[in-house]
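The structure appears below as structure tokens.
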Amino acid sequence: MKSLFKLVVLMVVLISFASCQNKSKPNYQYFPDMYESVGYEAYGEADFLPNGMEAKLPAEGSVARGHKPFDIDGSLQGYDLAKATLMNPLDSTQIDSPRGGQLYDIYCAVCHGKKGDGQGILVTREKILGVPAFDDAGRALTQGSVYHTIYYGKNVMGSYANQLNEEERWQVVDYVMQLKSELGGSQTVKDSI
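First residue of the sequence shown: 30, per my numbering; consecutive thereafter.
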């Protein structure tokens, strides 16, 4: 009889705990800001932050993840320096000529032509004029000069640094050098490396 009484009391206590719990109200929280953080708008104003802005500039000298800075500037002296010293860092196992050709067809062939002869569709339709062929003796293209031109642009040609990442730029450089040799342009020792 005593065990039955104890069992009934235990059931009443358990039922009372279960019935008193309110699912719509959470239990007590310690450090509620860890569960429910204050949401700030990225470009909103915040009085307690310097300059009153939520979004901040990156720290000086920081480099974006996956980005490798290009240390040669976009001036004419930088172009000459790149032309003389810059070489393709990709070795023969990393160079993918079909991919370089696809990228060239997408971004370059419109002006420079499929063969690099300067007779792209915009030139033949006379939308732009004066695109020289890759084998022009006066140009003396090198890997560095092509990369610098893709990165910064030159004359009427704009920069393609935002459209092509570093590895893709070097793939295009390799393809341009192939087109130059196919057109009969002389390759220097630096070009063939």
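Note that beta-carbon positions come from the ideal geometry of N, C-alpha and C, so glycine has one too. Source: prediction; values computed, not measured.
Inter-residue distance for K31 and G68 is about 58 Å (C-alpha atoms, whole angstroms). Of the candidates A88, S91, E70 and G90, the residue whose Cα lies closest to the Cα of G81 is E70. CA-CA distance, S126 to L208, rounds to 11 Å. Put simply, of E155, R128 and G129 the residue whose alpha carbon is nearest the alpha carbon of C140 is E155. Within the same chain, Cβ atoms closer than 6 Å to the Cβ of W199 are found at N117 and L119, the five residues on either side in sequence being excluded.
Contact between the stretch 167 to 180 and the stretch 142 to 156 is not established, with fewer than three Cβ pairs separated by less than 8 Å. Rounded to the nearest angstrom, the gap between the Cα atoms of Y64 and P79 is 26 Å. Contact between Y189 and G130 does not hold, since the beta-carbon distance rounds to 16 Å and is not under 8 Å. Judged by DSSP in its simplified three-state form, K156 adopts coil rather than helix or strand.
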